[in-house]
Amino acid sequence: MTDLLVTLLAAFTVWTGWRVFRVDSMVRASFSLMLSFIAVGGIGVLLSAPYIGVATVFMMAVEMMVMAIFMVMFMMNPAGLNPMSMVHQHRFSIGAGVVAALGLGAAVLLSSPPSNPVLSDADVVAELGHELLGPSMLIFETAGVTLLATMVGAVILSSRQGRFGNADEGSRPPGLSPDGEPAGRKPDNGGEGHHHHGGHG
Amino acid sequence: MTLTIILLGAAALIGIGLYGALSQQSFVMLMMGLELMLNGALLAIIGFWSLSLGGMPEGQLLAIIVMAVMAIEMAIGFALIVAVYRKRQADMTESIGTLKQ
Amino acid sequence: MIVLLALAVLGTLGLGAVLVVAMDGRIAQLAGQFARQRIETEAPDRLNRDLAPVWYLALAAAGLSVVPFAPGHALLDSPVGIVIWGTCEALTIVTVFLHGWAPNAPFPLIGAYRYVAIALPVMLPSMFVLIAAALPAESLSLLAIVESQREIWNVARQPLGLPLFAIVVLTLTLRGPMDFADAADIATGTSADESGSARALWEVARAAMLVSASALAATVFFGGPLGPALPGPVWLWIKTAALVAAFAWLGRRIARTTPSRMLTILWVVLLPLSFLHLAISGVIAL
């Protein structure tokens, strides 16, 4: 029974993962990816990893919501009314993807990992907690500090106020001599980026 | 048998993710490809932990680390997208070709 | 036992939703909706438009299924019950977004978009409050959280918890000061281009979510089914009903501010406050 459900969920996660790059709207794509993650979370719950499974669903629901927000913010076509295809180096990518999947698949089929299933009466959630705040505390805390650094870095990177003025007004560093030429590389031409936007229909 | 199915699923997810990361022009879609590859890794970790490692707590720790990696990738990725968009009004990989030089 | 618990969950949700709608004085209005024709927008996402109210209702039911109706008995007796509830909260935001995105019309999309911008930061206080409630129980299971309140309820032990969670409840049910999705100032937002039975079902789902969230608040802060003399489910119903009334009253009494000011309040005031709450609760639990 568990085997059948796991198989179905595995098929579902691959199918929805494939749909991410086939649907015509980015909002659909991001929620398709969310379904893929939810299926993986479901597999986790079925395979007696309740915390990991449920936490995956929780994390990914929030993350994909953020993704959808950014899509509506940046994309010229958030709803997906017009057909669109925004791909480059298509043949090479297909080849790389197929080679990666086939290679890993062959490795899976040719190897025989040991069969040592988790005991059904093990208290895995408590074990995880003791591991996180016990033997592996250094790893866990490193992850925490990395996340903090990420937060600081993300805020600085996305801040509108730059070192030499507002980022969206073509900020220029001060000159090397008083009233001299601005230091740093000169922009090619001012509004070039505007024509790019939406040009790759 | 279950483990083989799970690992084949994970291999397929990593392949699809690699295809997406290499082929998409839009930054956000490109990041979805990366997320999909991490999804495959997460699936493989859950499978190994549950069926092959006898429920070693370190396996769950690894899954948590993968989730942290996803969160970091998202945060820094979107911050970079916002920074590039502010500078160039662009959300496509082609528009920052000057990075090559 | 399982059949009884499933009946209790469905009964509480159904009856509670009807009572909430009656309390809001909207029974006639909703019943009238069923007779109306459906509005069609141009090129909608039909699947998500039709399924959004169903998801909302299903999430309310899933959230209620982890709530213990008697000490030691919940329909979904999971060691991570409180994380399951958190997942329902996160998926509720997704559902409201899809409800506004699917009709492919301006007002619904604006409603969905600004709701998500407000609701995502609300998730943070929600998580801190729920984790704080799990600290004295030393478990993520709601059954253990109920057991840990035999001596003293969490509402007395963690006084900041309930006010913070009230904001979460108002956000999840799109009510009063947190109703940035279906508010009147953008012509009922995500529901603007919807009428007929789908609109009525959406309103019922909102009411059901209020019942579900109040039941969780009753469990986490007021000891859920614990109480003298009366049987467990009756105590849970009494506490849930009182909380439903309190949350609905709060929603009517407090004015809504602009989304940008609400964002500042959430990030600058409520997030540090919930940090503080978690730290104090942790010290007390030691």
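Residue numbers (the numbering used here), protein chains in the order written: chain A, -14 to 186; chain B, 31 to 131; chain C, 20 to 305.
Backbone N, C-alpha and C fix where the C-beta goes; we use that ideal spot for every residue, glycine too.
Please report whether the beta-carbon of LEU229(C) lies at a distance below 8 Å from any beta-carbon of chain F.
Of the protein chains in this structure, namely A, B and C, none is chain F.
How do the segment 223 to 233 of chain C and the segment 146 to 165 of chain C stand: do at least 3 beta-carbon pairs fall below 8 Å, yes or no?
No, they do not touch.
Using a Cβ cut-off of 8 Å (strictly closer), state whether PRO98(C) contacts chain A.
Judged by the 8 Å Cβ criterion, PRO98(C) is in contact with chain A.
Please report the residue range of the beta strand (DSSP E) in which ALA89(C) lies.
Residues 87 to 89.
Can ALA304(C) and VAL239(C) be called in contact, C-beta distance under 8 Å?
Not in contact: ALA304(C) and VAL239(C) (Cβ atoms no closer than 8 Å).
Go ahead and label VAL137(A) buried or exposed: buried means 16 or more other beta carbons lie within 10 angstroms of its beta carbon, across all protein chains shown.
By the neighbour-count rule (16 or more Cβ atoms within 10 Å), VAL137(A) is not buried but exposed.
What residues in the segment 41 to 64 of chain B bring their beta carbon closer than 9 Å to a beta carbon of chain A?
Result list: ALA41, ALA42, LEU43, ILE44, GLY45, ILE46, GLY47, LEU48, TYR49, GLY50, ALA51, LEU52, SER53, GLN54, GLN55, SER56, PHE57, VAL58, MET59, MET61, MET62 and GLY63.
Alpha carbon to alpha carbon, what distance is there between TYR115(B) and HIS179(A)?
Here HIS179(A) scores only 45 on pLDDT, less than 50, and its place in the model is too uncertain to base an answer on.
Residues in its own chain within less than 7 Å of LEU73(B) by CB, not counting five upstream and five downstream?
Once the five neighbours on either side are set aside, the close Cβ partners of LEU73(B) are ILE36, GLY39, ALA40 and LEU43.
Whose CA, out of ILE284(C), GLY270(C), PRO178(C) and PRO250(C), lies closest to the CA of HIS296(C)?
When each option's Cα is compared against that of HIS296(C), the closest is PRO178(C).
In angstroms with no decimal places, state the Cα-to-Cα distance between HIS181(A) and ALA51(B).
Summary for HIS181(A): the model assigns pLDDT 43, below 50, so the residue's position carries little reliability, and this model does not support an answer.
Nearest by alpha-carbon distance to GLN52(C): which of ARG176(C), ILE284(C) and SER216(C) is it?
Of the candidates ARG176(C), ILE284(C) and SER216(C), the one whose C-alpha sits nearest the C-alpha of GLN52(C) is SER216(C).
Locate the alpha helix (DSSP H) running through ALA71(C), then write down its first and last residues.
Per DSSP, ALA71(C) belongs to the alpha helix (DSSP H) from 65 to 84.
Roughly how many angstroms separate the alpha carbons of LEU70(C) and SER53(B), rounded to a whole number?
Distance between the alpha carbons of LEU70(C) and SER53(B) is about 32 Å.
Quick one, which residues of the segment 119 to 139 of chain C are near chain A if we go by CB-CB under 8 Å, in chain order?
Within the segment 119 to 139 of chain C, the residues whose Cβ lies closer than 8 Å to some Cβ of chain A are TRP120, ASN123, LEU128, TYR132, VAL135, ALA136 and LEU139, listed in chain order.
To be precise: take each residue of the segment 21 to 39 of chain A, compare its Cβ to all Cβ atoms of chain B, and keep it if any distance is under 7 Å. Which residues remain?
Per Cβ criterion, the list reads SER21, PHE22, VAL25, ILE28, GLY29, LEU32, SER33, ALA34 and ILE37.
Exposed or buried, THR127(A), counting other C-beta atoms within 10 Å across all chains shown (16 or more means buried)?
It is exposed - the Cβ of THR127(A) has fewer than 16 other Cβ atoms within 10 Å.
Going by C-alpha distance, which of ASP108(A), ARG4(A) and GLY26(A) is nearest GLY63(B)?
Closest by alpha carbon: ARG4(A).
Can you confirm whether the segment 53 to 66 of chain C touches the segment 108 to 115 of chain C when touching is taken to mean that 3 or more C-beta pairs between the two stretches lie within less than 8 Å?
Contact between the segment 108 to 115 of chain C and the segment 53 to 66 of chain C is absent, because fewer than three Cβ pairs lie under 8 Å.
Would you report the Cα separation of ALA121(C) and SER96(A), rounded to the nearest angstrom?
Roughly 46 Å between the two C-alpha positions.
Please go through the same chain and pick out, in chain order, the residues whose beta-carbon is closer than 8 Å to the beta-carbon of VAL40(C), but skip the five residues on each side of it.
The answer, listed in chain order, is ILE46, LEU49, GLU222, VAL223 and ALA226.
What does DSSP give as the partner residue(s) for MET122(B) in the beta ladder?
BP columns for MET122(B) point to SER56(B).
Looking at chain A, which residues of the segment 90 to 115 of chain B have a Cβ within less than 8 Å of any of its Cβ atoms?
Going along the segment 90 to 115 of chain B in chain order, one finds GLN90, LEU91, ALA93, ILE94, ILE95, MET97, ALA98, MET100, ALA101, ILE102, MET104, ALA105, ILE106, PHE108, ALA109, LEU110, ILE111, VAL112, ALA113 and TYR115 with a Cβ nearer than 8 Å to chain A.
Return the CA-CA distance between MET1(B) and TRP79(B), expressed in angstroms with no decimal places.
Residue 1(B) cannot be examined here, being either before or after the span of chain B that is shown, 31 to 131.
Indicate whether at least one CB of chain C lies closer than 8 Å to the CB of PHE55(A).
No - not a single Cβ of chain C is within 8 Å of the one on PHE55(A).
Kindly confirm or deny that the segment 266 to 280 of chain C and the segment 184 to 196 of chain C touch, where touching means at least three C-beta pairs closer than 8 Å.
Output reads yes: the segment 184 to 196 of chain C touches the segment 266 to 280 of chain C.
Taking only beta-carbon positions, decide if ALA46(A) is within less than 8 Å of chain C.
Yes, ALA46(A) lies at the interface with chain C (some Cβ there is under 8 Å from its Cβ).
Determine the contact status of SER21(A) and THR1(A), defining contact as a CB-CB distance below 8 Å.
Against a cut-off of 8 Å, the Cβ pair of THR1(A) and SER21(A) comes out as a contact.
Please classify THR(-2)(A) as buried or exposed, where buried requires at least 16 other C-beta atoms within 10 Å of its C-beta.
Its Cβ being crowded by 16 or more others within 10 Å, THR(-2)(A) is buried.
Taking only three categories from DSSP, how would you classify GLN146(A)?
Residue state, collapsed to three classes: strand.
Helix, strand or coil for VAL113(C) per DSSP?
Reduced to three states, the DSSP call for VAL113(C) is helix.
Are the CB atoms of ASN69(B) and VAL25(A) within a distance shorter than 8 Å?
In contact: VAL25(A) and ASN69(B) (Cβ atoms closer than 8 Å).
Can you pull the chain C residues whose beta carbon is under 9 Å from the beta carbon of PHE125(A), in chain order?
Chain C residues near PHE125(A): none, gap ~16 Å exceeds 9 Å.
With DSSP as the reference, please indicate the residues paired to HIS92(C) in a beta bridge.
ALA89(C).
Which residues, taken in chain order from the segment 100 to 117 of chain C, show a beta carbon closer than 8 Å to some beta carbon of chain A?
Residues passing the 8 Å Cβ filter: VAL102, ILE103, GLY105, THR106, ALA109, LEU110, ILE112, VAL113, PHE116 and LEU117.
Please identify, using Cβ separations under 7 Å, the residues of the segment 280 to 291 of chain C that lie next to chain A, in order along the chain.
Flagged: no residues at all.
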